[in-house]
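Numbering (the UniProt record's numbering), first residue to last: 1 to 304.
Each remark here refers to the structure printed beneath this line.
Right, here's the structure in full:
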């Protein structure tokens, strides 16, 4: 447990630093926004292409890992659909509950995977991102348009959303390079390595700067439902599915790590753009990061 805490301390330390710097530091709102954009559109994609395109993943339980991660997300999604009427939560707020319960913060996940599980852990984390991010993106767009708009998004709308997502594009490029046997030329790999070095530190600072404590005012029932599902139910289900799927070792550890992460900041962007309750979404994101400082080490310790 002490090794887990030592690995996670710098991750949450940078998040706290970002939260401190935002109100008092020399970086204004425009500066933080620019930092977030360059990390999201350039630095993190470079890291994903590097890890997916340049790592030999043969011998790992990729199929069972993806099945456990996606299966847990789908079970929780089905549960939320089933209990929607019973909760009494409004449509806009419920879309934020759903997003909060199924999405993952990739910055925290990759930053934690390195010190915990080494180079292969980061590569497997990138595989998990490649498999699950398209799924949760599609679910988020569908529920937002289904519950708030006049009609649910069609396949074309969902595909357009994915085609504009730099994380998904980077994953596809990396997988294509790996599967084709082309790999990464040394010059390209060296360039990507330079870009990738800044991705996690800047991404974690941006996570901290994005915390909005003032947003935590109302909607406690919705907030608690989303947080318990994301931080407890989803990783517990991932662990429960691991046995029947034959998932073990580093692949199991990475699957549980990623499904135990707090939700992604892109949830707020989706909520704001598509008419969801972005105030509640901000509250969910903020409280999940704080709660994950406790729940994440516990689940990591459970899988060794």
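Beta carbons are placed, not taken as given, at the ideal position from N, Cα and C, and that holds for glycine.
Candidates the options, of which the one nearest residue i by Cα
i	options	result
residue 81	139, 275 and 54	139
residue 143	48, 99, 226 and 280	99
residue 288	299, 157 and 230	230
residue 121	57, 135 and 104	57
residue 281	304, 227 and 299	227
residue 162	243, 68, 270 and 37	270
residue 61	243, 293 and 299	243
Counted within 10 angstroms of its Cβ, other Cβ atoms place residue i as buried (16 or more) or exposed
i	result
residue 63	exposed
residue 29	exposed
residue 133	buried
residue 32	buried
residue 187	exposed
residue 181	exposed
residue 83	exposed
Same chain only: Cβ atoms within 7 Å of residue i, ignoring 5 sequence neighbours per side
i	result
residue 40	166
residue 177	53, 183 and 184
residue 350	Residue 350 is absent from the model: the chain starts at 1 and stops at 304.
residue 135	70 and 73
residue 268	278, 281, 282 and 285
Endpoints, the alpha helix (DSSP H) within which residue i is located
i	result
residue 42	No alpha helix (DSSP H) contains residue 42, which DSSP labels as neither H nor E.
residue 166	166-180
residue 288	278-302
residue 248	Residue 248 -> no alpha helix (DSSP H), and no H or E assigned at all.
residue 99	91-102
residue 213	Run containing residue 213: none; DSSP gives neither H nor E here.
residue 117	106-147
residue 29	29-38
residue 64	62-87
residue 186	186-209
Same chain, Cβ closer than 8 Å to residue i, neighbours up to 5 away in sequence not counted
i	result
residue 297	1, 4, 5 and 8
Nonlocal neighbours in the same chain, by C-beta distance under 6 Å from residue i, ignoring five residues either side
i	result
residue 66	131
residue 246	64
residue 173	49
residue 158	138 and 141
Decide if the segment 105-121 is in contact with the segment 254-264; the criterion is three or more beta carbon pairs, one per stretch, under 8 Å apart. Segments in contact, yes.
Count Cβ pairs between the segment 71-88 and the segment 195-213 that sit closer than 8 Å; are there 3 or more? no
Any 3 or more C-beta pairs closer than 8 Å across the segment 86-97 and the segment 207-215: no
Should the segment 266-284 be called in touch with the segment 95-104, which here means at least 3 C-beta pairs below 8 Å? Output reads yes: the segment 95-104 touches the segment 266-284.
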